[in-house]
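Throughout, our numbering is defined as the position within the sequence shown, counted from one, plus 123.
Shown next, in structure tokens, is the structure this report addresses.
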Amino acid sequence: MKPICVLGNGQLGRMLRQAGEPLGIAVYPVGLDAEPESVPYQSSVITAEIERWPETALTRELAHHKAFINRDIFPLLADRLPQKQLIDSLGLATAPWRLLSDPSQWPQLFAELGDFIIVKRRTGGYDGRGQWRIRPGDKAELPAEIYGECIVEQGIPFSGEVSLVGARNAQGQSVFYTLTHNLHQEGILRTSVALPNAGNQLQQQAEKMLSAIMDHLNYIGVMAMECFIIGDNLLINELAPRVHNSGHWTQNGASISQFELHLRAILDLPMPQPEIIAPSVMVNLIGTELNPEWLGLPLVHLHWYEKEVRPVRKVGHLNLTHADKDALQTTLQALIPLLPAEYQSGLEWAKIKLN
Ligand SMILES: Nc1ncnc2c1ncn2[C@@H]1O[C@H](COP(=O)(O)OP(=O)(O)OP(=O)(O)O)[C@@H](O)[C@H]1O
Ligand SMILES: [Mg+2]
């Protein structure tokens with residue numbers, strides 16, 4: 124099997140490497156400042172766990188590499204302006220948006236988009252960073268340098284958020300996991316719940332939307348689509364051309380994890396529809412020190428990233444999978460005293476989602 128070089132060496136690269144190991148696939152996550160010669164990039168298939176990168180000795184080498192899968196799709200999706208334009212051009216629903224280029228636009232923006240507007244940096248934002256929630260009267264607080272660098276979106280009064288993680292191979296075949304229900308707080312994903320009941324109306328809608336996008340781009344590998352639920356419909360929030368935090372439950376809750384699925388797709392290996400084993404919950408560990416007591420709960424799968432613990436930093440996650448939802452709910456309840464207080468609302472939310 125060909126080795127794989129992953130541009131970026133964060134937790135996603137780490138979990139891609141872990142997924143490759145049992146299959147005998149050598150996966151090399153590489154930091155941007157690494158010496159190109161430190162990895163066998165010339166004979167590898169190249170992928171990325173980040174969406175954009177500065178020019179370095181390594182990225183210069185990889186930028187022209189023939190085996191860099193989806194190379195030209197990254198810049199398109201890493202900038203919210205062309206990403207939104209792409210979604211519009213395919214006739215897919217997304218939160219109404221405008222390019223924010225000048226402070227004089229504000230009266231018009233409130234008139235057209237309503238009184239709750241979200242300003243988002245075109246590039247570089249993640250986990251809710253690079254965003255401002257704006258109501259009439261607030262706009263003086265925005266730094267002057269953002270004009271031209273941001274889009275604005277209508278604030279959507281969604282009833283919930285879901286994401287679809289899927290993969291497409293070079294033959295144009297696509298497979299999808301079931302929709303994941305996601306709870307974000309302050310723009311950062313806290314908890315996900317996935318249920319094996321595929322085939323409902325929202326699932327079909329989501330698969331059609333993500334298929335249209337992946338087919339149009341001739342995309343290969345795993346892609347994630349984050350959506351807002353509004354009534355019976357989905358609005359696309361954003362797209363990620365990579366494995367995604369909301370797909371982490373598949374490590375323990377699906378017969379093929381999103382990480383393995385991505386490796387299979389980019390190496391052109393067989394890519395059957397993954398089986399969803401049982402209802403699953405993922406709890407993100409954000410700025411929290413490891414507590415060995417979590418391991419006293421038999422359903423807890425700990426995935427620890429071995430990063431320095433800092434506030435609002437994703438440092439690991441807990442996956443729970445079980446056919447008996449009561450067992451999951453009991454485990455969530457037992458986790459409440461083992462985690463800081465800010466986790467409680469997310470754990471309670473997951474218990475309700477399982478009903
Ligand atoms: N138009 C909107 N209306 C209402 N809420 C929104 C809107 N856009 C974003 N949000 C909220 O903020 C969260 C983060 O927004 P978004 O996904 O755009 O940011 P991000 O920082 O790029 O996130 P990620 O870490 O997923 O890359 C969303 O999941 C949602 O909860
Ligand atoms: Mg997001």
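Even glycine gets a Cβ: it sits at the ideal position worked out from N, Cα and C.
Quantities reported herein were computed from a predicted structural model and do not represent experimental measurements.
Using C-beta distances below 6 Å, list every residue in its chain close to residue i, excluding the 5 sequence neighbours before and after it, in chain order.
{"i": "Arg256", "result": "Ile241"}
{"i": "Glu488", "result": "With the chain represented from 124 up to 478, any question about residue 488 goes unanswered, as that position is not in the structure."}
{"i": "Gly143", "result": "Val150, Leu386"}
{"i": "Gln326", "result": "Leu302"}
{"i": "Ala190", "result": "Val168, Ile169"}
Thinking just about the alpha-carbon of each residue, which of the options is nearest to the one in residue i?
{"i": "Gly271", "options": "Asp225, Leu185, Leu200, His440", "result": "Asp225"}
{"i": "Ala457", "options": "Ala464, Trp417, Glu465, Pro434", "result": "Trp417"}
{"i": "Leu306", "options": "Gln134, Ala234, Val404", "result": "Val404"}
{"i": "Asn132", "options": "Pro145, Asp156, Glu144", "result": "Asp156"}
{"i": "Glu284", "options": "Leu302, Ala267, Leu443", "result": "Leu302"}
{"i": "Ala218", "options": "Phe382, Gly278, Gly253", "result": "Gly278"}
{"i": "Ala388", "options": "Gly289, Trp176, Leu199, Arg175", "result": "Gly289"}
{"i": "Gln467", "options": "Tyr428, Val406, Lys437, Pro415", "result": "Val406"}
{"i": "Ser380", "options": "Leu146, Leu199, Cys128, Leu265", "result": "Leu146"}
Can you grab the Cα-Cα spacing for the pair residue i / residue j, in whole Å?
{"i": "Asn323", "j": "Asn478", "result": "17 Å"}
{"i": "Asp355", "j": "Leu287", "result": "16 Å"}
{"i": "Phe281", "j": "Leu312", "result": "16 Å"}
{"i": "His188", "j": "Glu172", "result": "17 Å"}
{"i": "Asp449", "j": "Lys474", "result": "9 Å"}
{"i": "Asp338", "j": "Gln165", "result": "28 Å"}
{"i": "Gly310", "j": "Tyr249", "result": "8 Å"}
{"i": "Ala201", "j": "Glu361", "result": "10 Å"}
{"i": "Pro259", "j": "Phe239", "result": "8 Å"}
{"i": "Gly295", "j": "Val168", "result": "19 Å"}
{"i": "Leu451", "j": "Leu223", "result": "45 Å"}
{"i": "Glu276", "j": "Leu413", "result": "37 Å"}
{"i": "Trp220", "j": "Ala335", "result": "21 Å"}
{"i": "Trp472", "j": "Pro460", "result": "16 Å"}
{"i": "Leu232", "j": "Gln208", "result": "18 Å"}
{"i": "Ala377", "j": "His424", "result": "14 Å"}
Could you tell me whether any non-hydrogen atom of ligand 1 is closer than 7 Å to the CB of residue i?
{"i": "Ala171", "result": "no"}
{"i": "Asn407", "result": "no"}
{"i": "Glu349", "result": "yes"}
{"i": "Asp225", "result": "no"}
{"i": "His307", "result": "yes"}
{"i": "Leu218", "result": "Looking at the sequence shown, residue 218 is not Leu but Ala. At least one heavy atom of ligand 1 is nearer than 7 Å to the Cβ of Ala218, so yes."}
{"i": "Arg252", "result": "yes"}
{"i": "Glu276", "result": "yes"}
{"i": "Gly133", "result": "no"}
{"i": "Glu235", "result": "no"}
Report the three-state DSSP secondary structure of residue i (helix, strand or coil).
{"i": "Ser297", "result": "strand"}
{"i": "Leu362", "result": "strand"}
{"i": "Gln396", "result": "coil"}
{"i": "Tyr164", "result": "helix"}
{"i": "Thr182", "result": "helix"}
{"i": "Met348", "result": "strand"}
{"i": "Tyr151", "result": "strand"}
{"i": "Thr303", "result": "strand"}
{"i": "His371", "result": "coil"}
{"i": "Met124", "result": "coil"}
{"i": "Glu191", "result": "Note that residue 191 is Phe in the sequence shown here, rather than Glu. Three-state DSSP puts Phe191 in a strand."}
{"i": "His339", "result": "helix"}
{"i": "Ser227", "result": "helix"}
{"i": "Ala263", "result": "helix"}
{"i": "Lys437", "result": "strand"}
{"i": "Gly131", "result": "strand"}
{"i": "Thr314", "result": "strand"}
{"i": "Ile279", "result": "coil"}
{"i": "Lys243", "result": "strand"}
{"i": "Trp220", "result": "strand"}
{"i": "Trp417", "result": "helix"}
{"i": "His385", "result": "helix"}
So, at 7 Å on beta carbons, what are the nonlocal neighbours of residue i in its own chain, with the 5 sequence-adjacent residues on each side left out?
{"i": "Gln396", "result": "Val298"}
{"i": "Asn193", "result": "Tyr342, Ile343, Gly344, Pro364"}
{"i": "Arg203", "result": "Lys243, Arg245, Ile274"}
{"i": "Arg140", "result": "Val150, Pro152"}
{"i": "Leu340", "result": "Ile196"}
{"i": "Trp176", "result": "Leu130, Leu155, Thr182"}
Does the Cβ of residue i lie closer than 7 Å to at least one heavy atom of ligand 2?
{"i": "Asn193", "result": "no"}
{"i": "Glu361", "result": "yes"}
Flag residue i as yes if its beta-carbon sits less than 8 Å from any beta-carbon of chain C, otherwise no.
{"i": "Tyr466", "result": "The structure shown contains no chain C; it is built from a single protein chain."}
For residue i, which residues from the same chain have a beta carbon less than 8 Å from its beta carbon, with the 5 sequence-adjacent residues on both sides left out?
{"i": "Leu422", "result": "Leu443, Thr444, His445, Ala450, Leu451, Thr454"}
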